[in-house]
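Engineer: Residue numbers (the working numbering), protein chains in the order written: chain A, 1 to 140; chain B, 141 to 280.
We treat Cβ as the ideally placed atom computed from N, Cα and C, and that holds for glycine.
Note that the coordinates shown come from a computational prediction; the quantities given were computed from them, not determined experimentally.
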DNA sequence: TAGTAATAAGATGTTATTTATCCTGTTTAT
DNA sequence: ATAAACAGGATAAATAACATCTTATTACTA
Ligand code: SF4
Ligand code: SF4
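1) On the three-pair Cβ rule with 8 Å, is the region 35–44 of chain A touching the region 85–95 of chain A?
2) What does residue 258 of chain B reach in chain A if we use C-beta pairs closer than 7 Å?
3) Mind reading off the beta-carbon distance from residue 257 of chain B to residue 118 of chain A? Whole number of angstroms is fine, and I expect it under 8 Å.
4) Between residue 56 of chain A and residue 66 of chain A, how many whole angstroms is the CB-CB distance? I'm expecting something under 8 Å.
5) How would you write the range of the beta strand (DSSP E) that residue 205 of chain B sits in, first residue to last?
6) Under 6 Å from any heavy atom of ligand 1, does the C-beta of residue 112 of chain A make it?
7) Report whether the distance from the Cβ of residue 14 of chain A to the nearest heavy atom of ligand 2 is below 6 Å.
8) Specify, as a first and last residue, the run of the beta strand (DSSP E) that residue 75 of chain A falls within.
9) Go ahead and pull the three-state DSSP assignment for residue 58 of chain A.
10) Can you tell me whether DSSP reads residue 45 of chain A as helix, strand or coil?
11) Would you list the one or two residues that DSSP bridges to residue 126 of chain A?
12) Roughly how many angstroms lie between the CA atoms of residue 112 of chain A and residue 87 of chain A, to the nearest whole one?
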């Protein structure tokens, strides 16, 4: 019943990127340093975010990572979803799980509602708000 | 981000016990059979529920398991909490976790609210309601 | 009081997942 | 060319989840 570290790392990375001036790249090494994350592992995490289309990367000198989507349209739910696929707090909420009770199960309904509540809350604020519009970091 | 099987098993067990006439014992073997759970593993699960005070057990012939608390005052949140301790969807929500962002972290707040929403939903219905008061199984 | 039925509890084993690290390849600006 | 940066596969260590085995211990019943 916990987020994985990787999900947390992903959130922190996106948060970091959200504070950048639009379009600017930040090196994954720098992200790792600022957020105190294991660098190599973060790279993997970034790759995942990239595959899902949340971030773009550029290799070589002057390369790095940047958001591929405006922070106004990214929520924590999105980032978690990127890593863990569709969130399901119980196997029976995501198909392909046999349970004899299923047809009449009231627990199922509750879990479903609880999950909805969770996702709703995780989807309420965007990273633009989280990063704070006025706290944009200056490149200089 | 998922409940453990054991939590699910615990829920199913308590659900089964909630359908019993008050005070009556049911053998853990019978619970396992009805709910299609691995018997020995369920025993462990029952032990946990017993330690937390949700169920009582009696050994020997005519022994078994029964609720130690009225189903009207047990919720899914309670049962999950029994197994996993206080629910925390992220380490930083349960103390003893260092994160540089912590003091100013807005993500923290969101996760907190999301967790609250989840717990609220999981605490809404009691097992009395889940089992259905009128569906009490007859001993005979 | 012997026998049997039931849970308790510790030890052990198996598998899956999480959390990384390493190494080699590929891309890109200079 | 060269150095800087990400990509991606292989590998590994640690942890957690899931489960079973065995030996108690308890309690009813005959
Ligand atoms: S008992 Fe209900 S909630 Fe649990 S797995 Fe079966 S259908 Fe899902
Ligand atoms: S970044 Fe925020 S949410 Fe994540 S661990 Fe740190 S304090 Fe908690």
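Structural biologist: In terms of the structure at hand:
1) In short, these stretches do not touch, since the Cβ pair count stays below three.
2) Neighbours of residue 258 of chain B in chain A, taken as residues whose beta carbon is under 7 Å from its own, are 114, 117 and 118 in chain order.
3) Correct: roughly 6 Å between the Cβ atoms.
4) Residue 56 of chain A to residue 66 of chain A, Cβ: 6 Å. Contact.
5) Start and end: 204–207.
6) Not one heavy atom of ligand 1 sits closer than 6 Å to the Cβ of residue 112 of chain A.
7) Using a cutoff of 6 Å, the CB of residue 14 of chain A does not count as near ligand 2, since none of the ligand's heavy atoms is closer than that.
8) Looking at the DSSP string, residue 75 of chain A is not in any beta strand (DSSP E), and its letter there is neither H nor E.
9) In the structure shown, the three-state DSSP call for residue 58 of chain A is strand.
10) The three-state secondary structure of residue 45 of chain A, taken from DSSP, is helix.
11) According to DSSP, which records beta bridges pairwise, residue 126 of chain A is partnered with A/75.
12) Distance from the CA of residue 112 of chain A to the CA of residue 87 of chain A, rounded to the nearest whole angstrom, comes to 11 Å.
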